[in-house]
Amino acid sequence: MNEGIKAWYKECIVYQIYPMSFCDSNGDGIGDLPGIISKLDYIKDLGADVIWLSPCYQSSNKDNGYDISDYYKIAQQYGTMDDFDELLRKAHDKGLKIVMDLVVNHTSDEHAWFTESRKSRDNPYRDYYIWKDGKGGGAPNNWGSLFGGSAWEYDEKTDMYYLHIFSTKQPDLNWENEKVRNEVYKMMRWWLDKGIDGFRMDAISFISKTPAFEDGKVTDGLYGDLSPFCMHGPKIHEYLREMNQKVLSKYDILTVGEVSGSTVEDALKYAGEGRNELQMAFQFEHVDRKNGIYGKWTDEKIGLAELKNIFTKWQKELEGKGWNCLFWGNHDQPRAVSRFGDDSPEYREVSAKMLATCLYMMKGTPYIFQGEELGMTNAYFERLEDYRDIETIQCYDKLVNRQGLSPQKAMSFIKFTGRDNARTPMQWSGGKNGGFTNGIPWIKVNPNCTEINAESQLKNEKSVYQYYRRLFRLKHSERASIYGVYDLILPEDKKIYAYTRKLDGEILLVVCNFTKDDAAYRLPDELRIRAWIPLINNYDDYEPGKLQPYQAVVLKAGAE
Ligand code: TEU
Ligand code: CA
């Protein structure tokens with residue numbers, strides 16, 4: 003056998019739930035744990051094996067739960083610890099695992115450690131966070147927060163500044179402090195002993211900071227870039243190995259790190275086979291595309307050539323050395339079909355199916371974000387008042403008031419890249435509020451819920467949802483789609499993304515048309531001698547050598 007090192011985390015499909023926007027059971031307009039429990043069968047029927055639950059811990063809720071004020075409590079808006087225990091038990095009964103978000107680069111400023119820490123310079127919790135004296139009447143250095151503004155917040159009480167890579171409500175923990183690390187490990191064990199099945203580690207590439215705290219290069223015309231000093235910092239791997247040795251290695255779990263800004267080399271350090279750190283690392287090259295001084299903000303689609311280069315590089319360079327995470331979206335990203343496909347009424351369904359086929363047949367663990375399986379689209383809200391995301395609101399201000407961008411262009415960037423595109427409520431039905439809530443939803447439901455919703459798609463064999471089901475069944479049943487070696491074919495083709503997956507003499511061929519034109523292709527000679535049997539197709543018909551708009555087909559080689 004040619005499968006390399008086998009593991010359950012390589013064979014599973016992960017479904018991400020963003021609790022605020024998933025399902026509201028009590029009419030307060032906010033999704034909750036009982037709501038999730040009521041939808042477990044839906045997730046199971048789709049063919050997912052693992053749920054990644056975005057944070058549901060007690061939180062100051064300025065960054066929707068990524069600002070945790072108590073790691074041992076469930077946020078009141080989501081329910082109780084009993085609800086959580088019930089969720090875990092019922093998920094396990096159905097054969098679903100639950101992976102929790104681990105947010106330990108920072109806490110909320112309302113966490114007890116921080117309220118203590120800010121009391122005095124000699125408080126026992128002072129060193130749990132990163133405090134510095136100001137310089138020349140201002141912040142300790144020129145770093146900008148990823149959410150806009152300075153990365154330092156002045157605290158009058160002790161006349162010092164604390165570091166926050168994200169919002170002012172999210173002070174960074176000081177990982178140099180062994181007490182902090184031990185508190186984190188203790189908390190992780192507590193959740194694992196409860197029976198959860200792993201962690202998705204938030205912003206984990208930021209936990210180790212270069213100690214000099216020098217100014218960064220100004221790249222947005224306003225602030226210094228902190229990434230070279232805070233991303234993949236000097237002790238990051240020391241910490242992760244310690245965490246692995248003290249906690250992770252003791253459990254049979256899934257571990258995946260959010261390592262934004264990572265190259266293949268970086269990712270192999272975090273998650274290479276035998277590194278004893280993490281199992282998988284999310285890379286962001288296909289989604290984090292910088293637009294000069296505007297950073298992540300853009301309204302331009304990525305080209306097919308670039309996509310091919312990025313995915314092929316990751317597929318080839320991790321081969322036998324590490325394991326890929328396959329994702330088009332998450333709670334920080336716009337909707338897959340709007341960003342990479344074509345969300346016009348004519349092509350939305352077919353391009354959504356094509357995208358899923360193209361990516362999830364690659365080597366790696368598929369991570370799909372709630373609603374993606376319905377082909378949900380971006381929000382396209384016209385007014386800033388309709389957006390809720392702290393990053394979006396703060397960055398609009400920065401783009402327009404400090405960087406001089408026109409309000410129209412800023413809105414165009416937000417409609418294309420803003421995080422709230424992912425966060426509009428799950429569209430369960432075409433009824434009131436898309437069936438998400440009986441009350442007033444915390445963020446508007448996309449009005450296209452009348453067309454795009456789970457209820458109608460469950461009944462329709464040709465829906466995006468039903469296609470995802472079939473695709474996941476295929477992924478589970480074809481070993482070559484899990485462990486087969488990836489090779490790009492037709493590399494120069496301007497319309498088609500095509501590749502093979504080979505395992506022990508079996509060959510799968512995936513051909514996807516990324517355009518709304520017909521596309522013809524000719525297979526390389528060594529593949530032409532085979533008979534090809536279609537396994538899945540997003541159209542009713544398939545003609546060898548020809549693809550209809552956004553057509554995707556997976557074929558299996560028959561006899562030579
Ligand atoms: O995101 C961390 C991160 O690296 C961000 O730069 C992310 O890429 C950005 O939000 C994109 O616009 C994580 C979480 O996924 C995010 O939801 C949180 O807001 C953030 O950490 C702080 O906890
Ligand atoms: Ca609720």
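This note's numbering numbers the first residue of the sequence shown as 3 and each following residue consecutively.
We treat Cβ as the ideally placed atom computed from N, Cα and C, and that holds for glycine.
Looking at the unbroken beta strand (DSSP E) that takes in residue 482, where does it start and where does it end? Here residue 482 corresponds to residue number 480 of the sequence shown, with the count starting at 1. Per DSSP, residue 482 belongs to no beta strand (DSSP E); it is in the alpha helix (DSSP H), 481-485.
Three or more C-beta pairs closer than 8 Å, one from the segment 508-527 and one from the segment 473-488: is that the case here? Because the criterion of three Cβ pairs below 8 Å is met, the segment 508-527 and the segment 473-488 touch.
beta-carbon residue 1 near ligand 1 non-hydrogen atom, thresh 7 Å: Beyond the ends of the chain as shown, which are 3 and 562, falls residue 1; an answer cannot be given.
Measuring straight from C-alpha to C-alpha, what distance separates residue 473 and residue 381? Here residue 473 is taken as the residue at index 471 of the sequence shown, counted from 1. Here residue 381 is taken as the residue at index 379 of the sequence shown, counted from 1. If you take the alpha carbons of residue 473 and residue 381, they lie about 26 Å apart.
Spatial neighbours of residue 221 in its chain, beta-carbon cut-off 6 Å, leaving aside the 5 residues before and after: For the purposes of this step, residue 221 is identified with residue 219 of the sequence shown, where counting begins at 1. So the qualifying residues of the chain are 227.
Classify residue 488 as helix, strand or coil using the three-state DSSP reduction. Counting from 1 along the sequence shown, the entry for residue 488 is found at position 486. Three-state DSSP puts residue 488 in a strand.
Quick check: the segment 413-433 against the segment 346-356, are there 3 or more CB pairs under 8 Å? Cβ pair count under 8 Å is below three, so no.
Ordered list of alpha helix (DSSP H) runs contained in the segment 175-212, each at least 4 residues: Qualifying alpha helix (DSSP H) stretches, in chain order: 180-196.
According to DSSP, what are the bridge partners of residue 402? As a position in the sequence shown, residue 402 is number 400, starting the count at 1. In DSSP, residue 402 forms no bridge with anything.
Run the CB neighbour count on residue 452, radius 10 Å, all protein chains shown included, and call it buried at 16 or more, exposed below. In the sequence shown, counting from the first residue as 1, residue 452 sits at position 450. So residue 452 ends up on the exposed side.
Please give me, in chain order, every unbroken run of the beta strand (DSSP E) with length at least 3 that falls completely inside the segment 318-397. 367-371, all fully within the segment 318-397.
Report the option in 402, 444, 475, 383 whose CA atom is closest to the CA atom of residue 450. For the purposes of this step, residue 450 is taken as residue 448 along the sequence shown, with counting starting at 1. For the residues 402, 444, 475, 383, the minimum Cα distance to residue 450 belongs to 383.
Sort out for me which residues DSSP pairs residue 108 with in a bridge. As a first step, residue 108 is located in the sequence shown; it is residue number 106 there, counting from the start. DSSP output for residue 108 lists 174 as bridge partner(s).
At least three beta-carbon pairs within less than 8 Å, the segment 367-377 to the segment 454-465: As far as the Cβ criterion goes, the segment 367-377 touches the segment 454-465, which means the pair count is three or higher.
Can you tell me the Cα-Cα spacing of residue 172 and residue 103, whole angstroms? Within the sequence shown, residue 172 is the residue found at index 170, counting from 1. Within the sequence shown, residue 103 is the residue found at index 101, counting from 1. Approximately 16 Å between the Cα atoms of the pair.
Can you tell me whether residue 299 is helix, strand or coil according to DSSP? Working through the sequence shown from its first residue, we reach residue 299 at position 297. Reduced to three states, the DSSP call for residue 299 is coil.
Where do the ends of the beta strand (DSSP E) carrying residue 536 lie? Residue numbering aside, residue 536 sits at position 534 when the sequence shown is read from its first letter. Counting along the chain, the unbroken beta strand (DSSP E) around residue 536 starts and ends at 534-539.
Taking its Cβ as the centre, do 16 or more other Cβ atoms sit within 10 Å of residue 393, making it buried, or is it exposed? On the sequence shown, residue 393 is found 391 positions in, with the first residue counted as 1. Classification of residue 393: buried, given that the 10 Å Cβ count is 16 or more.
Report the option in 189, 208, 198, 188 whose CA atom is closest to the CA atom of residue 621. The structure shown does not extend to residue 621, since the chain is modelled only from 3 through 562, so no value can be given for it.
If you run the structure through DSSP and keep just helix, strand and coil, what is residue 274? If you number the sequence shown from 1, residue 274 lands on position 272. In this structure, residue 274 counts as strand in the three-state DSSP scheme.
If you measure from each CB to the nearest heavy atom of ligand 2 and keep those under 6 Å, what residues do you get, in chain order? That gives 26, 27, 28, 30, 32, 34.
With a threshold of 7 Å (Cβ to nearest heavy atom), would residue 210 be considered close to ligand 1? One-based indexing of the sequence shown puts residue 210 at position 208. Not so, every heavy atom of ligand 1 lies at least 7 Å from the Cβ.
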